[in-house]
Amino acid sequence: MPFNQKPQKFNAKINAVTIGSGDKTVTIGGENSFPFYTFDAPTENTPKIGVEISDLGLDEFSEGVKAYYEGAVSMADIAKKAAAIEGADFVALILDGGDPNGANKSIDELIEVVKEVAGAIDCPLVVEGCKNVEKDAELLPKVAEVLQGRNALLLSEKEENYKAIGAAAGLAYNQIVGAESAVDINLAKQLNVVTTQLGVDAKKIVMNIGSAAAGYGYEYVVSTMDRIKGAALGQNDNMLQMPIITPVSAETWAVKEATASEADMPEWGSADERGIDMEVMTAAADLAAGSDAVILRHPESVKTISKLIKALA
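The opening residue of the sequence shown carries number 1 in full-length UniProt numbering; numbering runs sequentially from there.
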C-alpha cells in the first residue's frame, strides 16, 4: 500500500523578527511548522547561532575557548574573533560584571564596554544584563540608548523590571525586547501580554523561556517549548507567537560534567571535550524542541550546531 504523506498545515505562524541593521541582519522565527518539519512546510528562516562573550573577559572560560581567543587583548579584539567563528550569526555580550554580588561594575563602565564591542563588529548584537533585576532595570535602558540604530536585542526583561526595560528598549529607542521567564508557558505568555500593554509591538519581542543543561530536569524545557509552539501554531495564540532564543552556555558550562577537572575525574576524559559535548547536546535539544536561536560559547560547538542546522533545515 503506497504511503500518502499528509502535511500538517497551520494557518498561524511564528513572528519573524529581524536583528541588526544595514547589510548585516539576521531574521529568526517566521515558521508555520514544528522544528525541522520540512516535510510539512519549507523553512522560512533557519535557526541562528550567537557567540557568547563577557565583559569580564576570558578568565571564566574553558582552556579550549581561551586558546581560540589567544592574542585578543581588548573587548574589541574578543568581539571581532567571536564574530569570525565559522557558523556564527551574531554576537551576544553578557554584562556579567554588573552583578552587585560580583564585580559590581558601574553602569558607566559597562556602557563603555557596550560601545567598544558595538564599534568593533558589524554583525547583529545581543546584549544581556547581569541577571540582577534592579541593576538591569537601570543598565539596559542605557544600553538601549547607546545602541540606537543598531536594532539590537536586549536580554533580559523580566516580570520585575518589564516596565523600565520594555519602555526603553521597545518604545523609546526602538530595539528588540528579550522577555525572560522561568520555564512556564503561563509566565511566558503573561510577560508578553504586559509588555505589549506598554505599547511594545509584539513583533519586536523575542522570548527566552529558560533552559537547563541536558540531563538536568530538561524534560521541563522540552514540554514548555512544545506547549508554546503548539499553542502558537495550533491555537493561533498571538501572545505566544514570538520566536524563542535560548542562552545555552551559562547552563552547560556550569555543570559537573564540564567543570570537573581531569585530575579528579580521569575516567571522564578531556574537560574541554566534555563541555563541548554538553553544549552541543543541549543546543541540539533546544532547537529540536522549538528554539529559533541559541547562544553558544565554544567555537567547536558553534561549528557543530551550524552543520546540524544546515543538514536538517
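Every residue gets a Cβ at the ideal spot worked out from N, C-alpha and C, and that includes glycine.
- In the DSSP assignment, SER301 falls within the unbroken alpha helix (DSSP H) covering 299-312.
- Inside the segment 46-79, DSSP marks whole alpha helix (DSSP H) runs of 4 or more residues at positions 63-68, from first to last along the chain.
- Apart from sequence neighbours up to five positions away, the residues of its chain that approach ASP286 with a beta-carbon distance below 8 Å are SER211, VAL221, MET225, THR246, VAL248, VAL294, ordered along the chain.
- Straight across, the Cα-Cα distance linking ALA12 with LYS66 is about 44 Å.
- Using a Cβ distance threshold of 7 Å, ASN15 and LYS203 count as a contacting pair.
- For the options ALA103, ASP77, GLY98, the alpha carbon positioned closest to that of ALA118 is the one of ASP77.
- For LEU233, the uninterrupted alpha helix (DSSP H) run begins and ends at 218-234, by DSSP.
- Residue pairing of ILE205 in beta bridges, as defined by DSSP: VAL177.
- Shortest Cα-Cα distance from VAL51 to any of TYR69, SER74, PHE39, PRO35 involves TYR69.
- Cβ contact annotation for PRO100 (same chain, cutoff 7 Å, sequence separation greater than five): ASN132, LYS135, in chain order.
- Contact annotation: MET207 and ILE244 have beta-carbon atoms nearer than 7 Å.
- Taking every protein chain shown into account, the CB of LYS307 has fewer than 16 other CB atoms within 10 angstroms, so this residue is exposed.
- Counting other Cβ atoms within 10 Å of its Cβ, PHE3 stays below 16 and is therefore classed as exposed.
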